[in-house]
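Positions 3 to 656 (our numbering) are the ones given, in order, by the sequence shown.
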Amino acid sequence: MAEMRFSESVSARLDGDVLVVAIDNPPVNALSAHVRSGLVAALDYAAGARDIVGFVISGTGRIFVGGADIREFGKPPVAPSLPDVIDQIEAFEKPVVCAVAGAALGGGCEVALACHGRIAGENAAFGLPEVKLGIVPGAGGTQRLPRLIGTIAAIDLICTGRTAKADEAVALGLADAIAADPLTAAIAAARENAGRPLRRTGRITVPAVDAAAVDMAEAKVVAKSRGQCAPVEAVRLVKAAGHCDLEQGLAEERATFLRLRDSEESAALRHVFFAERAAGKVETLADVSPRRIETVGVVGTGLMGSGIVVSALTSGYHVIALEQTPEAAASGRERIAGILAKAVQSRRLTAEGREACLARLEATAEAKDLAMADLVVEAVFDDLSVKTDLFRRLDSIVAPDAILATNTSYLDPDTIAAATADPSRVVGLHFFSPANVMRLVEVVDCAKTAPDVLASALNFVKRLGKLAIVCGVTEGFIGNRIFSAYRREAEFMLEDGALPHQIDSALEAYGFPMGIFAVNDMAGLEIAWARRKRLAATRDPAERYVEIADRLCEAGRLGRKNGLGWYAYPNGERTIDPAVTAVIEAARAEKNIVPRAFTAMEIMNRLLTAMVDEGKALLSEGIAARPGDIDLVMINGYGFPAHKGGPMFAAQKS
Ligand code: 3H9
């Protein structure tokens, strides 16, 4: 029978006596107004057609439904609302079954939850990622999911926003079955249930649960939320599902959803979402074809190098890891195997996955073995002569079209590139440590980097599942330049009257996982100390300079690793150390500074202003392309709370 069209994005065909509806709203089949109205029109048609006994919902393309249309948020509502569509699905007299191929996220998962049956394709994934956008599910997710999978599992899925793949979804009771051809299976399920009593999720009683287990799950969410509202509100709603009837629970969920949708937290997280999508788009590369990268060379297997190797292996690349001696290559291989073993332990990797990774790894002490590499990333000691020597050697080993990438943090990549005969093949890839965990990579577009080399580097980082931010050449790139600027401001405040723990508390109350002085202690104080000594000769004597950090280093306080830094660490616990306070007081007295009190708000304002001023400088120098890119660097590399949107976004709001 011919295709029936119910709206611009919803069509259907009859498979015998079952109406098979397809949502086709690229790129992610979001539930825009025409999808909702199309679904209602199709339901109305099927309700009135006596020869139709069942109804199947499917999505066209690689995603079932990516959720509500986020671009509609903040615009006047257009009927029918998603909750109304979903109520109509659940109450439908004929069986409604969804065929989930690809992801069913947010509102897409809520549509699935309201159906009378859910068939997952092998590539299906279910999730309610609303908390990542600063909201709670708004179309029944918090009420229906616990009815299907229980309170604790629902708290886990909803409050982390993570997705469950098909097999987990079936194990949880979220999906009924996995099928190689979910559409055919869903049609069969709809037909089979015709005329039978239907399993309506909203009518199921939430399974009984131990109150202490719920308290524990709730405490975990609160501890992780770092001041973000949505996950905490989501727990409250899931708990309510256990003791309210469906109507009351849905009303409470809707009110919370609408309140949070209009909150600053949600605006900030939506900004982050769209900034991430914008970051990958570089206009000048629109028509550029990237080079093919299958084999990756990594020079150095220390902490950084081994993290990069693991990341490349788990993303399917062949990796050649180069060390200076066969012994160092062997211990590098062990380190890499150790990281992979941990990933298996924490279930991020299967045992077969680990074996496959190790089979794709070659650890060597022979530089000539890198001849096969399409891309070589160096992760050796951050010293200019070491890196220039290495690039000179690599230049004659690798194929002429292979790409050379430096992972320097502070050195000038243009100088490193100049050591090669063809600097157009050199690019910067600034990973963050540990590189197998941290998502951020600053991709440095050097003075001579060829467009297809930049495009290839971006593709590589994307395939690693990481977030690439393009930046120009400057000392410290985007992140470390901003970090240095606000660290300087923090040290000015120390001299003016604040103490390290007051500054750290202000940052932590704002949402940073750790304040700046605690972070410095964790990283170790000696690298910045060496850098300050290096720059001392060229420093403008008129510029304000705070000596406190130097004094601490001179006193042997190098951070957590020796138990003393900005804090003391008896038994590993961060503790205020009167000896540090004495160093700070002495430094103030030397400059005749009369200390004054700082409020947490003043501390945060000054730190944010320092970040934003440096951010504006990076934009005007053309180092960063967009304010959103700066926000993403600070969020993903430096602990800036995502729910505040990043410094540039936060400044716009204040
Ligand atoms: C919700 O559902 C609330 C309900 O509980 C209650 C309602 C009453 N809307 O990421 P990609 C765009 S809240 C509009 O690169 P991928 C995206 O901006 C929603 N647009 O693709 C991009 O546009 P452009 C809960 C959306 O294949 C393009 O699609 N759902 C939406 O790497 C491609 O995106 C979520 O939070 C949307 N919902 O990943 C899921 N989603 O090309 C959010 C994407 O112009 N989405 N776009 O830059 C995702 O996680 C990923 O996009 C997805 C695909 C996994 C679906």
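Even glycine gets a Cβ: it sits at the ideal position worked out from N, Cα and C.
Keep in mind it's a predicted model, so treat the numbers as computed, not measured.
query	result
When burial is assigned at 16 or more other CB atoms within 10 Å of the CB, is Pro502 buried or exposed?	buried
Taking just the CA atoms, how far does Leu469 sit from Asp498?	38 Å
Measure how close the beta-carbons of Asp454 and Arg293 come, nearest whole angstrom, since I'm counting them as under 8 Å.	6 Å
Can you determine whether any heavy atom of ligand 1 sits closer than 7 Å to the C-beta of Lys134, and answer yes or no?	yes
Report the CB separation of Met495 from Ile480 in whole angstroms; it is logged as a contact under 8 Å.	Going by Cβ atoms, the distance from Met495 to Ile480 rounds to 23 Å, so no, they are not a contact pair.
Can we count Glu112 as close to ligand 1, meaning its CB is less than 7 Å from some heavy atom?	yes
Examine ligand 1 and report whether any of its heavy atoms sits within less than 7 Å of the Cβ of Asp71.	yes
With burial defined as no fewer than 16 other Cβ atoms inside 10 Å of the residue's Cβ, what is the status of Phe276: buried or exposed?	exposed
Do Lys618 and Ala270 have their CB atoms nearer than 8 Å?	no
Using the DSSP secondary-structure output, state which residues sit across from Val321 in a beta bridge.	Val298 and Leu363
Excluding the five sequence neighbours on either side, which residues of its own chain have a C-beta within less than 7 Å of the C-beta of Val446, listed in chain order?	Pro415, Val429, Gly430, His432, Cys473, Val475 and Phe479
According to the neighbour-count rule (16 or more other Cβ atoms, all chains shown, within 10 Å of its Cβ), is Leu45 buried or exposed?	buried
In three-state DSSP terms, what is Cys555?	helix
Considering only heavy atoms of ligand 1, does any lie closer than 7 Å to the CB of Ala103?	no
For Ile338, list the residues DSSP reports as bridge partners.	Ile338 pairs with nothing; no bridge assigned.
Given that a residue counts as buried once 16 or more other Cβ atoms are within 10 Å of its Cβ, and exposed if not, what is Ala557?	exposed
Please confirm whether Arg146 has its beta-carbon closer than 8 Å to some beta-carbon of chain C.	Looking for chain C here will not work: only one protein chain is present.
Need the endpoints of the alpha helix (DSSP H) that Phe434 sits in, please.	Segment: none, Phe434 is in no alpha helix (DSSP H) and carries neither H nor E.
Going by the CB atoms, is the gap between Pro209 and Gly152 shorter than 8 Å?	yes
Roughly how many angstroms lie between the CA atoms of Arg38 and Val274, to the nearest whole one?	27 Å
CB of Glu30 to nearest heavy atom of ligand 1: below 7 Å?	Correcting the residue type first, residue 30 is Val in the shown sequence and not Glu. Yes, the beta carbon of Val30 sits closer than 7 Å to at least one heavy atom of ligand 1.
Does the stretch 97-113 come close enough to the stretch 73-81 that 3 or more CB-CB pairs lie under 8 Å?	no
Using alpha carbons as the reference points, say which of Phe514, Glu249 and Val113 lies closest to Val58.	Val113
Could you say which of Leu392, Asp631, Ala525 and Ala599 lies nearest to Val614 if we only look at CA atoms?	Asp631
Verify the contact flag: Arg279, CB atom, against every heavy atom of ligand 1, threshold strictly below 7 Å.	yes
Assuming Phe66 is part of the alpha helix (DSSP H), what are its boundary residues?	Premise fails: Phe66 is in no alpha helix (DSSP H) and is neither H nor E.
Using DSSP's beta-bridge definition, name the partner residues of Leu377.	Val298 and Ile405
So Leu33 and Ala70 are supposed to be a Cβ contact under 8 Å. How far apart are they, rounded?	5 Å
Would the C-beta of Ala141 count as close to ligand 1, meaning under 7 Å from any of its heavy atoms?	yes
Applying the criterion that 16 or more other CB atoms from any shown protein chain within 10 Å of the CB defines a buried residue, is Ile418 buried or exposed?	buried
Measuring from the CB of Leu84, is there a heavy atom of ligand 1 at a distance below 7 Å?	yes
Check whether the stretch 235-250 and the stretch 125-142 touch, using three or more Cβ-Cβ pairs below 8 Å as the test.	yes
When you compare each of Arg394, Phe434, Ala459 and Ser398 to Leu287 by their alpha carbons, which one comes out closest?	Ala459
In terms of residue numbering, what span does the beta strand (DSSP E) encompassing Leu501 cover?	First-last for Leu501: undefined, no H or E at that position.
To which residues of the same chain is Lys563 closer than 8 Å at the C-beta, ignoring the five residues directly before and after it?	Gly526
From what residue to what residue does the alpha helix (DSSP H) around Glu235 run?	Cys231 to His245
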